[in-house]
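Residue numbers (the working numbering): 1 to 256.
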């Protein structure tokens, strides 16, 4: 069983009523309830797409029938498979994200994995500099230096969302969620410009000021607006100042 990287253009998905009802029957009642909680139809549609991607993955990779797939969530909200599976698949790990026009999924047979997608959008209100001031505490001084070194405000905003996707991918991989101090992690992004459709893994992370060799970060652009970051860890446990985090080693598949 290999790795998986999937991207689904949920903004272009226009399910008819019968298709939506079928989709709702394919997910567990508690997941259907989560989808119903979204205020906007586009968000509900993206959330449903993410849940269907997970079930498609498990059905195809682990050969578990759709109606027998049983998912639960950790206390921090990360979904995981409850079904008993063979020992060779015991480390099977997956993660999904949806934002902008896409739902994306990453899966690994042996690795801890987190994925995040961000679409570069203008702030809902106020200027880009005002937005940056509000978000100042989310990045280190070195990260802000890189963001603000870009040629114009739009490219600065684009670099901001690239950094944000990287941070979220790591947080989702370790499964900690809200409460983790984002300034504890710092990214040295490379290269500064990413070509659409190409996968990069040159970006490095510092954890509490020290280069963290145990993690690899894949980056890609699905188009000119959407950044995707995938965090992959290595097998041994390492200790942070505030918590223990399990991690594992790496591969580099392409998005489909």
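The C-beta atom is built at its ideal place from N, Cα and C for all residues, glycine as well.
Counting only residues of its own chain and dropping the five nearest sequence neighbours on each side, residue 131 has a CB closer than 7 angstroms to the CB of 123. Taking each of 200, 148 and 206 in turn and checking the Cα distance to residue 170, the smallest one comes out for 206. In the same chain as residue 120, and ignoring 5 residues on each side of it, the C-beta atoms closer than 7 angstroms to its own belong to 157, 158, 161 and 225, in chain order.
Between the alpha carbons of residue 38 and residue 55 lies a gap of roughly 20 angstroms. Straight through space, the alpha carbons of residue 6 and residue 104 are spaced by roughly 6 angstroms. Judged by DSSP secondary structure, residue 117 falls within the beta strand (DSSP E) whose first and last residues are 113-119. Taking a contact to require three or more Cβ pairs closer than 8 angstroms, the region 61-79 and the region 196-206 do not qualify as touching. Between residue 46 and residue 98, the beta carbon gap of about 4 angstroms places them in contact (Cβ cut-off 8 angstroms).
A Cβ-Cβ contact shorter than 8 angstroms links residue 175 with residue 78. Taking every protein chain shown into account, the CB of residue 83 has fewer than 16 other CB atoms within 10 angstroms, so this residue is exposed. Here residue 215 is buried, its C-beta having at least 16 other C-beta atoms within 10 Å. Unbroken beta strand (DSSP E) stretches of 3 residues or longer found wholly inside the region 3-88: 4-8, 71-73 and 79-81, given in chain order.
Straight-line spacing of the CA atoms in residue 191 and residue 200 works out to 8 angstroms.
Scanning 139, 17, 172 and 233 for the CA closest to the CA of residue 95 turns up 172.
Non-local C-beta neighbours of residue 28 in its own chain, meaning closer than 7 angstroms and more than five positions away in sequence, comprise 71, ordered along the chain. Burial state of residue 116 is buried, judged by a 10 Å Cβ sphere holding 16 or more other Cβ atoms. For residue 204, the pairing in a beta bridge is given by DSSP as 188. Note that the C-beta distance between residue 3 and residue 108 is below 8 angstroms. Residue environment: residue 134 is assigned as exposed (fewer than 16 neighbouring CB atoms within 10 Å of its CB, all protein chains considered). Residues of the same chain with a CB within less than 7 angstroms of the CB of residue 57, apart from the 5 flanking positions on each side, are 4, 94, 105 and 107 in chain order.
A check of alpha carbon separations from residue 227 across 181, 185 and 163 identifies 163 as the nearest.
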